[in-house]
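Using the UniProt record's numbering, the first residue of the sequence shown is number 1, and each one after it goes up by one. For glycine and all other residues, C-beta sits at the position ideal for the given N, C-alpha and C. Step one of this worksheet: look at the structure below.
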Amino acid sequence: MSCPLPKDRIERVSAWGMNTHTTGYVFRPTTVAGIQEALDTARQHGRFVALRGSGCSYGDASLGAENVVLDITRMNRILSWDPIKGVAECEPGVTIKQLWQYTLGDGWWPYVVSGTMFPTLAGAAAMNIHGKNNFRVGTIGDHILEFDLLLPSGELRTCSREQDPELFHAAIGGFGMLGVFTRIKIELKKVYSGHLRVTPIGVKNWREMFSEFDKHLPDSDYLVGWVDCFGAGAASGRGQIHRADYLKPGEDTIPAQTLQVAHQELPDTLFGLLPKSIMWKFIKPFTNDLGMRLINSLKYLSSVTLTQGKVHDVTHAGFAFLLDYVPGWKYAYLPDGLIQYQSFIPKETAEKCFADQLALCQKRGIVPYLGVFKRHKTDPFLMTHSVDGYSFALDFKITQKNRAALWALAAELDALVLAAGGRFYFAKDITLHPDRLQSYLAEERVQRFLALKQQLDPESLLQTDLFRRIFGKK
């Protein structure tokens, strides 16, 4: 029987995509002992615990309706930094932004970053984030050397590839269901400039998108494709690829300047005049089918005319963190928010699957306003979402009118993904339902994960709305 918790702990907690909101009892510990106290309090009151970092998951991955939400953002100290080896030890609430700003002056950049710099390292590890260089360097988990994990029992375990390797490979990508990261040791990449050399490549359709990716894969450091999702028929898959490469020693004549944090800071005004913080208000009138069709068409025309092949240098932050370039851009999707539907498809079936996805969206009259295309490789983590293939991320605007139809469309997209041997990414999801995931839930690796959770968390103290939605746990 659950008992009341202090009312002053009750807060409204939202998904990053603003597509779902819950209330929970929020605890913000500053020590490992504080984490344990929050877990004990939840247990005593018959509540589950949802772990939360910066709340950058699009859906309900860090929500716990009417339960305890354990927010680790106040545990945000960098515990040690070795500028010779490029190894940092951090508390779980350290953000990607804090990390790169601390290390870049010494010539080190995180191997893997997301499209925004605000996730915590614990959240990034729990979701095993990937970047535009996944095909080259893998996920963030591939560069975590060691971590401490506080189990629901109160036991603190140190895990690495050599020490407790089973838990190491299960907790990374385990979406916070096995324990709480309390310390993360991570390696960074040596860089010799604060710039990347970027080459834009316009493509006319899916065939060109795939062939250009294949051509550049062997010798590029980053590759990412933008897709105009309104392109149909022979123009389906049209868009632009951005290739980026690290500068070699000596190519940057002023590295002491470009490696400074101030040089990396994203501008806070447009053309030096208009504050970017209010830009979303100017974008909002265009967040409809007509406006986004126009914007996508203009961007595509620019990609095959004005910018085609024009090599230029961009800061690491400018290339990596496009989601931060216009602060608060997601508010243009208010009042109902957005979802991102991201699927990972093996290389053998990816082109047809992605073409079929866009055709289905267009047929249903719900076209994504943004499409992002990446290349991936497999990784050794138990609950990996990655494949030897490609991913396609689709941003959909939610309205009161289209919500039911959008969820129905997602179900149809799920069928295409599963038929193609694909996978989903829980950091983005809000629409998956176990009735459509029987083949996934029956996978041996998923059963191993659930068995490990039963062993480490027999009470199932650690739960989120996502976990209950996908696995039916209560």
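For residue i versus residue j, is the C-beta distance shorter than 8 Å?
{"i": "His195", "j": "Thr258", "result": "yes"}
{"i": "Phe354", "j": "Gly237", "result": "yes"}
{"i": "Lys189", "j": "Trp109", "result": "yes"}
{"i": "residue 504", "j": "Gly365", "result": "Outside the modelled stretch of the chain, which goes from 1 to 474, sits residue 504, for which no answer is possible."}
{"i": "Ala126", "j": "Phe175", "result": "yes"}
{"i": "His130", "j": "Ser386", "result": "yes"}
{"i": "Leu382", "j": "Gly173", "result": "yes"}
{"i": "Trp280", "j": "Val326", "result": "yes"}
{"i": "Leu178", "j": "Gln36", "result": "no"}
{"i": "Val87", "j": "Tyr111", "result": "no"}
{"i": "Tyr192", "j": "Gly107", "result": "yes"}
{"i": "Ile144", "j": "Ile84", "result": "no"}
{"i": "Ala170", "j": "Leu452", "result": "yes"}
{"i": "Leu266", "j": "Asp324", "result": "yes"}
{"i": "Gly24", "j": "Gly53", "result": "no"}
Suppose the cutoff is 6 Å on Cβ atoms and the five residues either side in sequence are ignored; what does the same chain contact list for residue i look like?
{"i": "Pro275", "result": "Thr269"}
{"i": "residue 543", "result": "This structure cannot settle anything about residue 543, because the visible part of the chain is limited to 1 through 474."}
{"i": "Leu70", "result": "Phe27, Ala38, Val49, Leu51"}
{"i": "Gly422", "result": "Ser343, Phe344, Ile345"}
{"i": "Phe319", "result": "Leu196, Ala244"}
{"i": "Leu167", "result": "Cys159"}
{"i": "Gly472", "result": "Pro434"}
{"i": "Val417", "result": "Ser343"}
{"i": "Met209", "result": "Val203, Gly225, Gly237"}
{"i": "Val304", "result": "Gly202"}
Excluding the five sequence neighbours on either side, which residues of its own chain have a C-beta within less than 8 Å of the C-beta of residue i, listed in chain order?
{"i": "Gly291", "result": "Pro285"}
{"i": "Leu217", "result": "Phe135, Leu223, Arg375"}
{"i": "Phe58", "result": "For the sequence presented, residue 58 should be read as Tyr rather than Phe. The residues are Ala15, Trp16, Gly17, Asn19, Leu338, Ile339, Gln340, Ala427, Lys428, Asp429, Ile430."}
{"i": "Val261", "result": "Gln101, Leu104, Gly105"}
{"i": "Asp289", "result": "Val367"}
{"i": "Leu156", "result": "Val32, Asp148, Leu149, Leu150, Thr182"}
{"i": "Tyr300", "result": "Gly202, Asp228, Gly231, Arg238, Gly239, Gln240"}
Go through its chain and collect everything with a Cβ distance to residue i's Cβ below 7 Å, but skip five positions before and after it.
{"i": "Lys397", "result": "Thr287, Tyr333, Leu338, Tyr369"}
{"i": "Ile283", "result": "Trp329, Ala332"}
{"i": "Thr158", "result": "Glu146, Asp148"}
{"i": "Lys347", "result": "Asp388, Gly389, Tyr390"}
{"i": "Asn205", "result": "Ala234, Ala235, Ser236, Gly237, Arg238"}
{"i": "Thr30", "result": "Arg74, Met75"}
For residue i, count the other beta carbons within 10 Å of its own beta carbon; 16 or more makes it buried, fewer makes it exposed. Which is it?
{"i": "Thr95", "result": "buried"}
{"i": "Ala405", "result": "exposed"}
{"i": "Asp414", "result": "buried"}
{"i": "His242", "result": "buried"}
{"i": "Thr253", "result": "exposed"}
{"i": "His433", "result": "exposed"}
{"i": "Glu162", "result": "exposed"}
{"i": "Gly141", "result": "buried"}
{"i": "Leu294", "result": "exposed"}
{"i": "Gln308", "result": "exposed"}
{"i": "Ile278", "result": "exposed"}
{"i": "His349", "result": "Correcting the residue type first, residue 349 is Thr in the shown sequence and not His. With 16 or more Cβ atoms within 10 Å of its Cβ, Thr349 is classed as buried."}
{"i": "Asp219", "result": "exposed"}
{"i": "Pro335", "result": "exposed"}
{"i": "Met10", "result": "Here residue 10 turns out to be Ile, not Met, going by the sequence shown. Label assigned to Ile10: exposed."}
Helix, strand or coil for residue i, going by three-state DSSP, please let me know.
{"i": "Ser160", "result": "strand"}
{"i": "Glu412", "result": "helix"}
{"i": "Ser277", "result": "helix"}
{"i": "Gln400", "result": "coil"}
{"i": "Trp16", "result": "coil"}
{"i": "Val326", "result": "coil"}
{"i": "Val137", "result": "helix"}
{"i": "Arg28", "result": "coil"}
{"i": "Gln340", "result": "strand"}
{"i": "Glu146", "result": "strand"}
{"i": "Ser62", "result": "coil"}
{"i": "Leu452", "result": "helix"}
{"i": "Phe354", "result": "helix"}
{"i": "Val68", "result": "strand"}
{"i": "Phe471", "result": "helix"}
{"i": "Leu5", "result": "coil"}
{"i": "His21", "result": "strand"}
{"i": "His376", "result": "strand"}
{"i": "Pro92", "result": "coil"}
{"i": "Ala427", "result": "coil"}
{"i": "Leu461", "result": "coil"}
{"i": "Ser391", "result": "strand"}
{"i": "Gly216", "result": "The displayed chain sequence assigns His, not Gly, to residue 216. If DSSP states are grouped into helix, strand and coil, His216 belongs with the helices."}
Looking at residue i and the ligand ADP, is the gap between the Cβ and the nearest heavy atom below 7 Å?
{"i": "Gly55", "result": "With respect to small molecules bound, the structure shown includes none, and the ligand ADP cannot be examined in it."}
Stretch-stretch touch, CB-based, cutoff 8 Å, three pairs: the segment 74-94 with the segment 118-126: yes
The segment 31-45 touching the segment 455-468, judged by at least three CB pairs closer than 8 Å: yes
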